[in-house]
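Residue numbers (the working numbering): 79 to 172. Inspection log for the structure reproduced underneath, given as structure tokens.
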């Protein structure tokens, strides 16, 4: 094997890496959904904000995502100040 001769590549190792990858992806997608809803922005914008936050703070995107999902990191900290949605008129007062 080239590069890493001591690294195991048995079926159990492949499965463990695959499970970790899926778990990481789930955390990122959950965080993006939460950020999108909290910030009234698109999923794509939420993903960009999460990626930028992670880079600026020197953390893995997955770690930032898990912190958002577990509410250890506030949406405002990732997105900046979150504006309140505009109130929609419900009708005239009589």
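Using N, Cα and C, we set each Cβ at its ideal position, and we do this for glycine too.
Any non-hydrogen atom of the ligand FMN closer than 7 angstroms to residue i Cβ
{"i": "residue 108", "result": "Looking at this structure, you won't find the ligand FMN or any other ligand, since it has none at all."}
Length of the line joining the Cα atoms of residue i and residue j
{"i": "residue 116", "j": "residue 88", "result": "42 angstroms"}
{"i": "residue 152", "j": "residue 145", "result": "8 angstroms"}
{"i": "residue 121", "j": "residue 147", "result": "15 angstroms"}
{"i": "residue 135", "j": "residue 91", "result": "31 angstroms"}
{"i": "residue 149", "j": "residue 99", "result": "22 angstroms"}
For residue i, the nearest candidate out of the options (CA to CA)
{"i": "residue 105", "options": "93, 140, 150 and 127", "result": "140"}
{"i": "residue 131", "options": "118, 156, 94 and 103", "result": "156"}
Continuous alpha helix (DSSP H) stretch holding residue i: start and end
{"i": "residue 144", "result": "139 to 147"}
{"i": "residue 125", "result": "121 to 135"}
{"i": "residue 99", "result": "89 to 117"}
{"i": "residue 150", "result": "Looking at the DSSP string, residue 150 is not in any alpha helix (DSSP H), and its letter there is neither H nor E."}
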